[in-house]
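Here's the structure, in C-alpha cells; my notes come after.
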Amino acid sequence: MAKFVLRRALISLLILCLAVSLLFGMIHLVPGDPASVMLGPRATPALKAELAQRMGLDQPLAVQLGRFVAGAARGDLGVDPFSGRKVSDIVLEQFPYTLVLVLAAIGGASLLGIPLGCFAAIRRGSWLDRLTAVLSVAFIAIPSFVVALYLLLWLGVKWRWFPAIGAGETGNMADQAYHLVLPAISLGLGWVGYIARLVRASMLEVLEENHIRTARAFGLPERTIIVNYALRIALLPTVTILGLGVGSMLTGALFAEIVFSRPGIGKLLYEAVLNRNYPIVMGAVLVTTGFFVLSTLASDVVNASLDPRLRTERGR
Amino acid sequence: MSVSPPPGTVLRVTAALKRDPLGMAGFVLVGLILLATVCAPWLAPHDPLEVDVTNRLSGPSAQHWLGTDQLGRDMLSRVLFGGQVALKVSLIAISTSMAIGIALGMIAGFGPRWLDRALLVSFDTVRSFPTIMFALAIVALIGPSLNTVIGVIIVTSIPVYARVVRTQTQALRERDFILAERAMGASTFRILRDHVFPNIAPPLFILASMDVPAVIGMEAGLSFLGLGVSPPTPSWGSILNDGYSYLRNSPWPIIAGGLPLIAVTLGFTFFGEALRDIFDPRLRRKDA
Chain R
1 MAKFVLRRAL ISLLILCLAV SLLFGMIHLV PGDPASVMLG PRATPALKAE
51 LAQRMGLDQP LAVQLGRFVA GAARGDLGVD PFSGRKVSDI VLEQFPYTLV
101 LVLAAIGGAS LLGIPLGCFA AIRRGSWLDR LTAVLSVAFI AIPSFVVALY
151 LLLWLGVKWR WFPAIGAGET GNMADQAYHL VLPAISLGLG WVGYIARLVR
201 ASMLEVLEEN HIRTARAFGL PERTIIVNYA LRIALLPTVT ILGLGVGSML
251 TGALFAEIVF SRPGIGKLLY EAVLNRNYPI VMGAVLVTTG FFVLSTLASD
301 VVNASLDPRL RTERGR
Chain W
1 MSVSPPPGTV LRVTAALKRD PLGMAGFVLV GLILLATVCA PWLAPHDPLE
51 VDVTNRLSGP SAQHWLGTDQ LGRDMLSRVL FGGQVALKVS LIAISTSMAI
101 GIALGMIAGF GPRWLDRALL VSFDTVRSFP TIMFALAIVA LIGPSLNTVI
151 GVIIVTSIPV YARVVRTQTQ ALRERDFILA ERAMGASTFR ILRDHVFPNI
201 APPLFILASM DVPAVIGMEA GLSFLGLGVS PPTPSWGSIL NDGYSYLRNS
251 PWPIIAGGLP LIAVTLGFTF FGEALRDIFD PRLRRKDA
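So the sequence lines, in the order shown, correspond to chains R and W.
Oh and the first sequence: position 274 is 274 in the working numbering, straight run, nothing missing.
Oh and the second sequence: position 15 is 15 in the working numbering, straight run, nothing missing.
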C-alpha cells in the first residue's frame, strides 16, 4: 500500500512538473517577448528592459524555470507586475471563493442525487427510475455555462429572486450564501444526474449481494436494510469518483464565476489571460493543477484502500 | 481494410430506434439540426452579418423570428450560420483526434511495455489537466482563433480514443488469428492495419457520436469566453457572449443562442446512447 501511494504521488508530482514546464516553455517560445506584449506597442526599449529585468526575463530560460520551481516550492510565485503584489497572496485570496463554490455544488448535488439514485434503484423500472435516467443524461449533456446564463436571465435578472452579481458582503454569511445559490446550481445540476446514476448502479449491485439477502431473511425492516446495509456500501465508489470529477468542476466553476461576476480562481485566471499577465497565469494554473492533482491522488488512494485489486494493476 | 458495417445494420438501427422513443427523438433532432446547418445559406432569412441599427435588440417579430442582437443582426440567421462553426469544429476535431488516438492506442497496445507505460502516463496527464485551464493558457500564448480551439479539443480528446483502442488491441494481441498472421511473417504494420484496425473500429464510432456534444459544448464555451471565432462570425458561443453583454436590454440573444446548444447536446446524447445500446450492450452495464 505504501508503495502504491508513493508511486501515485510520484506520478502526480511528475504531472505537475510537466504542466508547469510546458506552460513555461510555451510562454517563452511564442513570438513577442512577454515584456513587450504586456506593455503594448508604444513602450520604449528602456521601459521594456526594465520590466523584463523586474520579471527576471533577461535570464536564460533554464535559469528562469529553475527560479520559478525553487520559488514555488517555497510558496513564492513571484510578483504581479501590474499591482506589485505577491502572486501567492492574490491567488490564495481568490482560491477560497472557488473552493466554497465547488463544495456547495458537490454538497447540493449529493443531497439531491443520492436519494434520487437510491429510489431509482429500489423502484427499478418505475416512472421515477425512468425519469431520473432521462433527466440525468439531459443535465449531464447541457453545457454548464448555458445553464448558468439561463439561471441568470430568469432567476437573477427577470424575476430577481437571487442576486446576479458578486459573492456578497464579506463577513455576512447569509448574504454570501444567498449569492452562492445560482452559481452552485449551475455548477451542480449536471452532477445531480451523474451522482444519481452512479448511486443507482452501485445500489443495484449491492442489493444483489448475500448479506442483503441475509438481512432480509432476518426480517429487518426494509428501511434499515436500504440505509444501513446497502446505501453505506453503495456510496463508497461514488465518493471516490467525485474526487476524480474535480477537474471538470474547476472548468464549470470558471464559467460560473465569469457569468455571475463572482471572485474566484477561474475569474482571476481568465482576466490574467486577457491582460497577458503571465505571472498570475502561471500561479493560478499551478495552484489549480496542484489542487486537482491532490484530489485525484486522494481519491485514488481511498479507492485503492477499499479495493486491493487496484493496487496491483499496472499504471491504473 | 474497409470497415463496412455488418449486413442488416440499417435495419437493426431503425428497428431499435422504433422501440426507443428517446433515441428516435435524438435522431430526429440531430437530423433536423444537421439539415438546417448545412442548408443555412438557403434557409436563413437574412444575411447573418447585415447590420440594422434602427432595429437593435428587438424581440421576435414576423421579420425576425428570434429577434435581433445589439447591432440589429437577425438572430435566426446567426444561429443557423453558427451551427456551421459547431459542425466544422466537431468534424475536424473528432476525426483528427480519433485518427491520432487510434494510431497511438494501437502502438501502446501492441508495442513494447515501456512505450505502453510512457504513453499511458502522457494520456493520463493530458486527461487529468482541467481542460479549460489548458485552453486558457494556450489561448493566452497563441491568441484566440478557431484553429486554437480545434487544436485544444484535439489534444484533449486523443486520450479518450487512445485508451479504448489500447485496451482492445491488447485483448486482440494474443488471439489465434493474429498469432497465425505473425507466424506467416506479416509485418507489425500490416497486422495492425489489416487485422487489428477493422476489429476495433466499430465501437469507436459510437464513442465519437457521444463525444460530439462535449466538443460542441467546449467550442461554444471557449467562444463564449471570447477565445474562439473572431467577430463578426457567428458561433453559438459568441452569440451567447453578445447576449450576456446586453442581458439587461433584451433576453432574446441568450434564449436564441442557448436553445440550439441545448437541442444539439441533448439530441446527440440521446442518439449516442441509443446507438451504444444497440451495438455495444457491454458498455452500458458499466456506467448506467
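For each residue, glycine too, the CB sits at the ideal point set by N, CA and C.
Please read these numbers as outputs of a predicted model, since none were measured by experiment.
Legend entry - Cβ neighbours of glutamate 174 of chain W in the same chain (closer than 6 Å, five flanking residues each side left out): none
Legend entry - heavy atom of the ligand COA below 7 Å from arginine 276 of chain R C-beta: Among the components of this structure there are no ligands whatsoever, and the ligand COA is therefore not found.
Inset, instruction - Note down the Cα distance separating tyrosine 97 of chain R from leucine 151 of chain R, rounded to an integer number of angstroms. - result: 20 Å
Inset, instruction - Hey, could you find the ends of the alpha helix (DSSP H) arginine 67 of chain R is sitting in? - result: 61-73
Legend entry - Close-in-space but distant-in-sequence residues of the same chain around serine 105 of chain R (CB under 6 Å, 5 per side omitted): Residue 105 of chain R is actually alanine in this sequence, not serine. Correct list, in chain order: Ala184, Leu187 and Gly188.
Legend entry - C-beta atoms of lysine 158 of chain R and proline 213 of chain W nearer than 8 Å: no
Legend entry - the region 81-100 of chain W in contact with the region 236-256 of chain W per 3-pair CB rule at 8 Å: Verdict: yes, contact present.
Legend entry - Touching by the beta-carbon criterion (3+ pairs, under 8 Å), the region 231-239 of chain R and the region 75-94 of chain R: no
Inset, instruction - Output, in chain order, the set of chain R residues within a Cβ distance shorter than 7 Å of isoleucine 132 of chain W. - result: Thr251 and Leu254
Inset, instruction - Please work out which residues of its chain come closer than 7 Å, Cβ to Cβ, to isoleucine 15 of chain R, disregarding the five sequence neighbours upstream and downstream, and give them in chain order. - result: The beta carbon of isoleucine 15 of chain R sits closer than 7 Å to the beta carbons of Val293 from its chain, once the five residues preceding and following it are set aside; these are given in chain order.
Legend entry - Exposure of arginine 284 of chain W, with buried meaning 16 or more beta-carbon neighbours within 10 Å: Residue placement at arginine 284 of chain W is poorly supported in this model, since its pLDDT is 49, which falls under 50; the coordinates are not used for a value here.
Inset, instruction - Anything in chain W within Cβ reach of methionine 203 of chain R, meaning under 9 Å, just list it in chain order. - result: Simply none; closest approach about 13 Å.
Legend entry - Buried or exposed (CB count within 10 angstroms, at least 16 for buried), isoleucine 11 of chain R: buried
Inset, instruction - For phenylalanine 270 of chain W, decide whether its Cβ has a neighbour in chain R, counting only Cβ atoms nearer than 8 Å. - result: yes
Inset, instruction - Evaluate alanine 121 of chain R with the Cβ neighbour count: other Cβ atoms within 10 Å of its Cβ, from every protein chain shown; 16 or more gives buried, anything less gives exposed. - result: buried
Inset, instruction - Give a yes or no on whether 8 Å exceeds the smallest Cβ distance from glutamate 273 of chain W to chain R. - result: Yes, glutamate 273 of chain W counts as interfacial toward chain R.
Legend entry - Beta carbon proximity, arginine 163 of chain W to chain R, threshold 8 Å: Output row for arginine 163 of chain W: interface = no.
Inset, instruction - Could you tell me the distance, in whole angstroms, from the CA atom of valine 273 of chain R to the CA atom of tryptophan 127 of chain R? - result: 47 Å
Inset, instruction - Answer yes or no: does any C-beta atom of chain W fall closer than 8 Å to that of threonine 44 of chain R? - result: no
Inset, instruction - Express the C-alpha separation of proline 202 of chain W and methionine 1 of chain W in angstroms, rounding to a whole number. - result: The predicted model places methionine 1 of chain W with a pLDDT of 45, which falls under 50 and marks its position as unreliable; any figure quoted below should be read in that light. Taking the straight line joining both Cα atoms gives about 13 Å.
Legend entry - Whole alpha helix (DSSP H) elements within the region 105-189 of chain W, 4-residue minimum: If we require 4 residues or more, the alpha helix (DSSP H) runs fully inside the region 105-189 of chain W come out as 113-128, 131-142, 146-173 and 176-183.
Inset, instruction - Residues of the region 132-164 of chain R with a CB closer than 8 Å to any CB of chain W: list them in chain order, please. - result: Ala133, Val134, Val137, Ala138, Ile140, Ala141, Ile142, Pro143, Phe145, Val146, Leu149, Tyr150, Leu152, Leu153, Val157 and Lys158
Inset, instruction - Compare the beta carbon distance of leucine 17 of chain W and phenylalanine 27 of chain W with 8 Å and say whether it is the shorter of the two. - result: yes
Legend entry - Interface flag, threonine 68 of chain W vs chain R, CB-CB below 8 Å: no
Inset, instruction - Tell me, please, whether the CB atom of phenylalanine 82 of chain R is closer than 8 Å to any CB atom in chain W? - result: no
Legend entry - Of the residues W:Val79, W:Arg78 and W:Phe197, the one placed nearest isoleucine 102 of chain W, counting alpha carbons only: For isoleucine 102 of chain W, the closest of W:Val79, W:Arg78 and W:Phe197 by C-alpha to C-alpha distance is W:Phe197.
Inset, instruction - Give a yes or no on contact between the region 158-168 of chain W and the region 287-305 of chain R, applying the rule of three or more CB pairs nearer than 8 Å. - result: No, the region 158-168 of chain W is not in contact with the region 287-305 of chain R.
Legend entry - 8 Å Cβ cutoff, threonine 265 of chain W in contact with chain R: yes
Inset, instruction - Report yes if the CB atom of arginine 124 of chain R is closer than 8 Å to the CB atom of leucine 204 of chain R, and no otherwise. - result: yes
Inset, instruction - Report yes or no: is there a C-beta of chain R within less than 8 Å of the C-beta of proline 251 of chain W? - result: Proline 251 of chain W counts as touching chain R.
Inset, instruction - Report all residues from its chain with a CB closer than 6 Å to the CB of aspartate 175 of chain R; omit the five preceding and five following residues, and keep chain order. - result: Cβ within range, chain order: Gly168 and Glu169.
Legend entry - asparagine 228 of chain R: first and last residue of the uninterrupted alpha helix (DSSP H) it sits in: Here asparagine 228 of chain R belongs to no alpha helix (DSSP H), and DSSP marks it neither H nor E.
Inset, instruction - Count the other C-beta atoms from every protein chain shown that fall within 10 angstroms of the C-beta of valine 20 of chain R, then say buried if there are 16 or more, exposed otherwise. - result: The C-beta of valine 20 of chain R has 16 or more other C-beta atoms within 10 Å across all chains shown, which makes the residue buried.
Inset, instruction - Report the rounded CA-to-CA distance for valine 183 of chain W versus phenylalanine 189 of chain W, giving the unit in angstroms. - result: Checking the sequence, you will find alanine at residue 183 of chain W rather than valine. When rounded, the distance between both Cα atoms is 15 Å.
Legend entry - Straight-line gap, leucine 236 of chain R to threonine 68 of chain W (C-alpha atoms, nearest Å): 50 Å
Inset, instruction - Note down the Cα distance separating isoleucine 142 of chain R from asparagine 147 of chain W, rounded to an integer number of angstroms. - result: 24 Å
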